[in-house]
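*Asks:* Encoded as structure tokens, here's the structure I'll be asking about.
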């Protein structure tokens, strides 16, 4: 479904991605882990081509999106939903308008149909009846859930989660993890989750990939990752300051 | 020698940076033009921006215009009195307002009020990933965010300039006639005698160009913000400074061409 081939990206002299190779399995949740500032979000932005690589390819259903024009790229983007790190809700719109936005932009549905889908998606994330609230009135956890409702509004095939539990309390973290699992099952999604929350990683992931120094250094099921002797992974999972991951 | 070469090096870099930035603004302008003609036109967004740029700037523009007209009348009176030409105060105020001060001061006030807000709003949207969110939902950010603001700038700055011209002349009249004792008939007659419709039209063309400059620069700076809250503040300041300077420089060249 998604295949990343030898992806390179630098910002100035700083090499962020240095030959990433990764295959995302269809209908599964793949978690990409790695230290903060290690290029996980940069990799995610390449998957939906918010960033263009210096070299390499991102294949979505066999189409290399790094070479697409805007029109074709928009068609591919319709397969995706994205939950951004800070939810990225539009401040000037109500919750209802936020969730309705992709439906209004990409379809010719009647307002009544759109209202129905909005209510349905908000119910799916446990936030029934908050359509008229403004994003500024919501807590961090509620914003993320509204962001997820918007991401799944179009019933996408693939959903990207950029650090969905960062900054949340343990209870809300658990609730978001459950939502990721439930929506993946209910909507039969291919999910890609960027995270450095060790507990969440094992809970939501079918496959886990470790990004270190611009490369995928380990890839496998949660069990394989747990049993891995790769020193990078061992240090990351134990949270130790000693090891190959340098503290800058 | 070393210090001189470093200075030349820095100067060269600064020139290159500015030329590159002008090129980027020009590319953004071309992109705005190409998205402007592609349907559907986002009328709701355009009207919202017209209200923000136009309606909500009226108060500040009226204040600026009226006091500018009043002070021009006051200064003009003292100058003209030296050679007994007080009757020319009205036409001087009217010419000054319609040709120069109306469009320039209106644009500078709108830059401070709306241009800065454009940079701050788009900058915040950039650092909070709202612009990325638009892109991934297959909604072009230039069409959604920049086109309505540029259209509002180009349409509303001339409208505000008409208001500034009118209240400026009115302010000049109130100072010139009741306060300084100039004959009302002569005051008005000299305005109609010396001010052509071309003066007003050219002033309004200037205003439209200034509206384009301030909205384009405000949007460009906001759209290319990086670095969190500090970046938004920097983008806002840079937008106001660059737009104000660009308005004043382009005013000279437009005046040289038009009048």
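Chains as they are written, first to last, in this note's numbering: chain A, -4 to 243; chain B, 5 to 263. For glycine and all other residues, C-beta sits at the position ideal for the given N, C-alpha and C. As the structure is a computational prediction, the values presented were derived from the model and not from experiment.
Within its chain, find whatever has a CB closer than 7 Å to the CB of residue 236 of chain B; leave out the 5 residues flanking it on each side and keep chain order.
*Replies:* 124, 127, 128, 131, 229.
*Asks:* Take residue 155 of chain A as the anchor and find which of A/171, A/185, A/131 has the nearest alpha-carbon.
*Replies:* When only C-alpha atoms are compared, the closest one is A/185.
*Asks:* Could you compute how far the alpha carbon of residue 167 of chain B sits from the alpha carbon of residue 242 of chain B?
*Replies:* Whole-angstrom Cα-Cα distance: 28 Å.
*Asks:* Judging by CA-CA distance, which residue of B/233, B/245, B/198 is the nearest neighbour of residue 92 of chain B?
*Replies:* Considering only alpha carbons, the answer is B/198.
*Asks:* Counting pairs of beta carbons, one from the region 84 to 98 of chain A and one from the region 146 to 162 of chain B, are three or more of them closer than 8 Å?
*Replies:* Segments in contact, no.
*Asks:* Residue 119 of chain B and residue 30 of chain B - do their beta-carbons sit closer together than 8 Å?
*Replies:* Going by C-beta atoms, residue 30 of chain B is not nearer than 8 Å to residue 119 of chain B.
*Asks:* Could you compute how far the alpha carbon of residue 177 of chain A sits from the alpha carbon of residue 199 of chain A?
*Replies:* Their backbone Cα atoms lie some 10 Å apart in a straight line.
*Asks:* With DSSP run on the structure shown, which of helix, strand or coil describes residue 16 of chain A?
*Replies:* Three-state DSSP puts residue 16 of chain A in a strand.
*Asks:* What three-state label does DSSP hand residue 8 of chain A in the structure shown?
*Replies:* Residue state, collapsed to three classes: coil.
*Asks:* Does DSSP put residue 129 of chain A in a helix, in a strand, or in coil?
*Replies:* If DSSP states are grouped into helix, strand and coil, residue 129 of chain A belongs with coil.
*Asks:* Where residue 109 of chain B and residue 171 of chain A are concerned, what is the direct C-alpha to C-alpha distance, given to the nearest angstrom?
*Replies:* Residue 109 of chain B and residue 171 of chain A: Cα-Cα distance of roughly 53 Å.
*Asks:* In whole angstroms, what is the alpha-carbon distance linking residue 17 of chain B and residue 11 of chain B?
*Replies:* Approximately 10 Å between the Cα atoms of the pair.
*Asks:* Quick one: which chain A residues come within Cβ less than 8 Å of residue 229 of chain B?
*Replies:* Near residue 229 of chain B there are no residues of chain A at all, since even the closest Cβ is about 15 Å away, more than 8 Å.
*Asks:* Are residue 155 of chain B and residue 50 of chain B closer than 8 Å when you measure CB to CB?
*Replies:* Yes. Within cutoff.
*Asks:* Below 8 Å, how does it come out for the region 204 to 218 of chain A and the region 7 to 17 of chain A: are there three or more Cβ pairs, yes or no?
*Replies:* With the cut-off at 8 Å, the region 204 to 218 of chain A and the region 7 to 17 of chain A touch.
*Asks:* Just the chain B side, please: which residues come within less than 8 Å of residue 100 of chain A by C-beta, in chain order?
*Replies:* By Cβ distance, chain B contributes 141, 142, 143.
*Asks:* In whole angstroms, what is the alpha-carbon distance linking residue 247 of chain B and residue 115 of chain B?
*Replies:* Residue 247 of chain B and residue 115 of chain B: Cα-Cα distance of roughly 7 Å.
*Asks:* I'd like to check one pair, residue 41 of chain A with residue 73 of chain A: are the Cβ atoms closer than 8 Å?
*Replies:* Against a cut-off of 8 Å, the Cβ pair of residue 41 of chain A and residue 73 of chain A comes out as no contact.
*Asks:* Since residue 229 of chain B is in the beta strand (DSSP E), which residue starts that stretch and which ends it?
*Replies:* Residue 229 of chain B -> no beta strand (DSSP E), and no H or E assigned at all.
*Asks:* My output table needs one value for residue 244 of chain A: the three-state DSSP class, helix, strand or coil.
*Replies:* Because chain A spans -4 through 243 in this model, residue 244 of chain A falls outside it and cannot be assessed.
*Asks:* Could you tell me the boundaries of the alpha helix (DSSP H) in which residue 213 of chain A lies?
*Replies:* Not the alpha helix (DSSP H): residue 213 of chain A falls in the beta strand (DSSP E), residues 210 to 215.
*Asks:* DSSP beta-bridge partners for residue 59 of chain A?
*Replies:* Beta-bridge pairing links residue 59 of chain A to A/54.
*Asks:* Does DSSP put residue 184 of chain A in a helix, a strand or coil?
*Replies:* Three-state DSSP puts residue 184 of chain A in coil, outside helix and strand.
*Asks:* So which residues on chain A does residue 156 of chain B lean against when the C-beta distance must stay under 7 Å?
*Replies:* Those within 7 Å of residue 156 of chain B in chain A number zero; the least Cβ separation is about 15 Å.
*Asks:* Return the CA-CA distance between residue 28 of chain A and residue 204 of chain A, expressed in angstroms with no decimal places.
*Replies:* Approximately 6 Å between the Cα atoms of the pair.
*Asks:* Any idea if residue 7 of chain B is buried or exposed, counting beta-carbon neighbours within 10 angstroms, 16 or more meaning buried?
*Replies:* Exposed.
*Asks:* List, in chain order, every chain B residue whose beta-carbon is nearer than 7 Å to that of residue 81 of chain A.
*Replies:* What residue 81 of chain A touches in chain B: 132, 133.
*Asks:* Residue 77 of chain A and residue 146 of chain A: beta carbons closer than 8 Å?
*Replies:* Cβ distance < 8 Å, so residue 77 of chain A and residue 146 of chain A count as in contact.
*Asks:* Which stretch, first to last residue, makes up the beta strand (DSSP E) that contains residue 24 of chain A?
*Replies:* Taken as a continuous stretch (DSSP letters only), the beta strand (DSSP E) holding residue 24 of chain A covers 24 to 28.
*Asks:* Can you find at least 3 beta carbon pairs, one from the region 252 to 263 of chain B and one from the region 208 to 216 of chain B, that sit closer than 8 Å?
*Replies:* Cβ pair count under 8 Å is three or more, so yes.
*Asks:* Is the shortest distance between the beta-carbon of residue 97 of chain A and the beta-carbons of chain B less than 8 Å?
*Replies:* Yes, contact with chain B.
*Asks:* So which residues of chain A does residue 200 of chain B contact, with C-beta pairs closer than 8 Å?
*Replies:* Residues of chain A passing the Cβ test: none, with the nearest at roughly 44 Å.
*Asks:* Ends of the beta strand (DSSP E) at residue 136 of chain A?
*Replies:* No beta strand (DSSP E) contains residue 136 of chain A, which is instead part of the alpha helix (DSSP H) from 135 to 146.
*Asks:* Helix, strand or coil for residue 76 of chain A per DSSP?
*Replies:* Strand.
*Asks:* What first and last residue would you give for the beta strand (DSSP E) that runs through residue 157 of chain A?
*Replies:* 153 to 157 is the span of the beta strand (DSSP E), which, as asked, contains residue 157 of chain A.
*Asks:* Is there at least one Cβ from chain A nearer than 8 Å to residue 136 of chain B's Cβ?
*Replies:* Yes, its Cβ sits closer than 8 Å to a Cβ of chain A.
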